[in-house]
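Everything below concerns the one structure shown next.
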Amino acid sequence: MSINLFDLTGKVALVTGGTHGLGQAMATGLGNAGATLVINGASSQEKLDKAVAHYQSLGIKASGYLFDVTNEEQVIKNIAAIEKEVGNIDILVNNAGIIKRIPLEDMEVADFEQVIKVDLVSPFIMSKHVVKGMIKRKAGKIINICSMMSELGRNTVGAYAAAKGGLKMLTQNMATEWAKHNIQINGIGPGYFATSQTAPIRVDGHPFNDFIINRTPAARWGDPNDLQGAAVFLSSKASDFVNGQVIYVDGGILATIGKPSNED
506 MSINLFDLTG KVALVTGGTH GLGQAMATGL GNAGATLVIN GASSQEKLDK AVAHYQSLGI
566 KASGYLFDVT NEEQVIKNIA AIEKEVGNID ILVNNAGIIK RIPLEDMEVA DFEQVIKVDL
626 VSPFIMSKHV VKGMIKRKAG KIINICSMMS ELGRNTVGAY AAAKGGLKML TQNMATEWAK
686 HNIQINGIGP GYFATSQTAP IRVDGHPFND FIINRTPAAR WGDPNDLQGA AVFLSSKASD
746 FVNGQVIYVD GGILATIGKP SNED
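Right, here's the structure in full:
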């Protein structure tokens, strides 16, 4: 019975930005738990098709839809198409996001606004239009991909931190308004993960690599697959009374101040 709590068979999961990286890892976890995947991408049809083929090669039922999550008209059109062609959306993972590493005093307003639009406004747009069906069915799961920057600041990521801090509070307010409809809205806050983007700095002797390993009580970078358990949990019946929370999958970074336990 406990295993069945995590079974997603028969569920349709829409993952924005699920064509690569951490989004792909979480989507794979949902698919392996039985969910039918709907992957959103915005960069190119070729990249989207390649991602869908990857999921299908793993034996996961998957399809892809190319649209801009910041464009409400495109969102409405594609959600309607998904529900007609695939089925009702039971799980929404708002994963699409960008970061611009620019000191605040040098950052153009347009760059700041773009980060806010993609990382904060798009989860609102997506959730607003997906949740309407969930409310009618009195069931649904929404997962907003937050960040350690939902809690902490860091040099050159002011716009990202503002967006992710806002996304934490948006998650709590979504839960405040929608929990009464048997909808659970929660967040996942990834720490520092070993991805293709971080590969150049994940080498012995690189200052940032050493910093992350020494700062993280688990003494390592996260493996993208480490996010799968949290994603499946928050998508499944196992989390039916969990609402408005952010689960930080960070190896313990946020749990400590000063020297972690792995330092002498």
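For any residue, its number in the numbering used here is found by taking its place in the sequence shown, counting from 1, and adding 505. Don't be surprised by glycine CBs; every beta carbon is placed ideally from N, CA and C.
N- and C-terminal bounds of the alpha helix (DSSP H) containing residue i
{"i": "N719", "result": "P712 to R720"}
{"i": "V636", "result": "S627 to R642"}
{"i": "G734", "result": "Q733 to S740"}
{"i": "V580", "result": "E577 to E590"}
{"i": "A558", "result": "Q550 to S562"}
{"i": "T700", "result": "Here T700 belongs to no alpha helix (DSSP H), and DSSP marks it neither H nor E."}
Residue i (DSSP reduced to helix, strand or coil)
{"i": "Y570", "result": "strand"}
{"i": "T541", "result": "strand"}
{"i": "V614", "result": "helix"}
{"i": "G694", "result": "strand"}
{"i": "N649", "result": "strand"}
{"i": "N748", "result": "coil"}
{"i": "Q689", "result": "strand"}
{"i": "I706", "result": "helix"}
{"i": "L527", "result": "helix"}
{"i": "G670", "result": "helix"}
{"i": "T521", "result": "strand"}
{"i": "V754", "result": "strand"}
{"i": "G727", "result": "strand"}
{"i": "G546", "result": "strand"}
Selected residue, minimal CA-CA separation from residue i, among the options
{"i": "Q619", "options": "A532, K605, S632 and I630", "result": "K605"}
{"i": "A699", "options": "P729, T541 and K566", "result": "P729"}
{"i": "W726", "options": "A735, L657 and V708", "result": "V708"}
CB of residue i within 7 Å of CB of residue j, strictly
{"i": "M653", "j": "G645", "result": "no"}
{"i": "V574", "j": "V543", "result": "no"}
{"i": "V580", "j": "H634", "result": "yes"}
{"i": "G534", "j": "Q733", "result": "yes"}
{"i": "T676", "j": "N649", "result": "yes"}
Cα-Cα separation between residue i and residue j, rounded to whole angstroms
{"i": "P695", "j": "N714", "result": "17 Å"}
{"i": "G757", "j": "T721", "result": "6 Å"}
{"i": "E588", "j": "I594", "result": "7 Å"}
{"i": "A530", "j": "G523", "result": "8 Å"}
{"i": "G528", "j": "P628", "result": "14 Å"}
{"i": "N691", "j": "L519", "result": "15 Å"}
{"i": "F572", "j": "P608", "result": "30 Å"}
Continuous beta strand (DSSP E) stretch holding residue i: start and end
{"i": "L597", "result": "I596 to N599"}
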